[in-house]
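Residue numbers (UniProt numbering): 1 to 293.
Beta carbons are placed, not taken as given, at the ideal position from N, Cα and C, and that holds for glycine.
These numbers come from a predicted model, not from an experiment.
Here the structure comes first, spelled out in C-alpha cells, and everything after it is commentary.
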C-alpha cells in the first residue's frame, strides 16, 4: 500500500505542476474560452485514443462505469468552462483563490459520499494553505457585481472539479488513459454545436495552434493520464493536500513569464502554501509509519 501511495504522489505532483501552466496556454492562444475547451477535448481525446490503442488498455465499461464516466466527463468540461470564464469577470488571481477551495469541497463530498473520515488533524494545514493562496493573489481586492460573478463561477468550477475527482475514484477497473479519453469524447460531443461556429470564424495563427496543441496533447492527454492514475492510488485527503502545488506553479509562471513580481504579501503566501503542503505530507507519512509499527 505504501508503494502504491508513493506512485500516486509523484504522479499528482507532476500533474499539478503541468496544471499550473494551463492559464499561460489559454491566454497565449487568444481564442474564445468555449473554443479553447472544445479543442482541448478534441486534441486531448485524439492523443489519448492513440495511446489506448497502442497500449491495448481498452476495456468495455459496464453500466455503472458508464454512468460515472458521464458524470465525471461533464463535470470536468463544465469545470473548465466555469474557471476560464471566471477570469473575465474577476481577476485571474481572485478566480484562482476561490477555485482552490476545492480541496475542502472534495473532503466534504468524500465524507458524505464515501464515508471517509474528515482528517481533523490535517485541516489546520489545509486552512493555512488556503490563507497562503489568498495572500498570494489578493482575494480581499474583489469588489463589485462583476467580481462576485467571477467568484461564483470559480466556486462552481471548484465543486465540479471535486465531483470529477470522486467520479474517477469510482473507476478503479479502467485504465486512466481510457477514462480521460472517454471523458474528452463526452466534452467534444457536448460542446460541438456551440463551438463549431466559433471554430469556423476564428483566426488561427501558428501561435494559437501551438498553444492549443500543447494544451490538448501535453496538458490533457498526458496530464490527465497522470492525474487519474494518482486519483486511483491516493485518498481524497492526499489529493487535496497536493492540489496546492497548482497555484504555486501558476504564481511562478505569472512571475517569470509575465514579469509580475510578487509583492511581500504574495511572497509570504507562497511560503505558507509550500510550508502547509510540506507539513501535510509529513504528517501523513508519520501516520503511515506509526501504523506500520
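Burial state of residue i, where buried means 16 or more other Cβ atoms lie within 10 Å
{"i": "residue 29", "result": "buried"}
{"i": "residue 172", "result": "exposed"}
{"i": "residue 298", "result": "Past the edges of the chain, shown from 1 to 293, lies residue 298, and the structure says nothing about it."}
{"i": "residue 130", "result": "buried"}
{"i": "residue 193", "result": "exposed"}
{"i": "residue 62", "result": "exposed"}
{"i": "residue 170", "result": "buried"}
{"i": "residue 90", "result": "buried"}
{"i": "residue 126", "result": "buried"}
{"i": "residue 76", "result": "buried"}
C-beta atoms of residue i and residue j nearer than 7 Å
{"i": "residue 350", "j": "residue 7", "result": "Only positions 1 to 293 of the chain appear in the structure, and residue 350 is not among them; the question remains open."}
{"i": "residue 52", "j": "residue 97", "result": "no"}
{"i": "residue 230", "j": "residue 12", "result": "yes"}
{"i": "residue 174", "j": "residue 59", "result": "yes"}
{"i": "residue 106", "j": "residue 211", "result": "no"}
{"i": "residue 214", "j": "residue 41", "result": "no"}
{"i": "residue 10", "j": "residue 167", "result": "no"}
{"i": "residue 265", "j": "residue 135", "result": "yes"}
{"i": "residue 220", "j": "residue 176", "result": "no"}
Alpha-carbon to alpha-carbon, residue j and residue i
{"i": "residue 243", "j": "residue 101", "result": "10 Å"}
{"i": "residue 114", "j": "residue 164", "result": "14 Å"}
{"i": "residue 217", "j": "residue 26", "result": "14 Å"}
{"i": "residue 99", "j": "residue 108", "result": "15 Å"}
{"i": "residue 142", "j": "residue 200", "result": "The predicted model places residue 142 with a pLDDT of 49, which falls under 50 and marks its position as unreliable, so this point remains unresolved."}
{"i": "residue 256", "j": "residue 39", "result": "27 Å"}
{"i": "residue 203", "j": "residue 209", "result": "10 Å"}
{"i": "residue 124", "j": "residue 104", "result": "11 Å"}
{"i": "residue 269", "j": "residue 128", "result": "9 Å"}
{"i": "residue 197", "j": "residue 191", "result": "11 Å"}
{"i": "residue 37", "j": "residue 241", "result": "26 Å"}
Minimum C-alpha distance to residue i - residue among the options
{"i": "residue 207", "options": "24, 9, 221, 15", "result": "24"}
{"i": "residue 178", "options": "162, 227, 203", "result": "227"}
{"i": "residue 32", "options": "122, 195, 159", "result": "195"}
{"i": "residue 87", "options": "169, 35, 150", "result": "150"}
{"i": "residue 148", "options": "95, 176, 136", "result": "95"}
{"i": "residue 160", "options": "74, 240, 123", "result": "74"}
{"i": "residue 222", "options": "49, 170, 35", "result": "49"}
{"i": "residue 15", "options": "246, 180, 70, 110", "result": "246"}
{"i": "residue 34", "options": "241, 250, 78", "result": "78"}
Short CB-CB distance (under 7 Å) between residue i and chain B
{"i": "residue 215", "result": "Considering every chain present, this structure includes no chain B. It has just one protein chain."}
Does the stretch 155-173 come within contact of the stretch 10-22, defined as at least 3 CB pairs closer than 8 Å? When Cβ pairs closer than 8 Å are counted between the two stretches, the stretch 155-173 is seen not to touch the stretch 10-22, the count staying below three.
How do the stretch 103-117 and the stretch 82-90 stand: do at least 3 beta-carbon pairs fall below 8 Å, yes or no? Contact annotation: the stretch 103-117 does not touch the stretch 82-90, with fewer than three C-beta pairs closer than 8 Å.
Does the contact criterion of 3 or more C-beta pairs under 8 Å hold for the stretch 42-55 versus the stretch 269-283? Between the stretch 42-55 and the stretch 269-283 there are fewer than three C-beta pairs closer than 8 Å, too few to call the two in contact.
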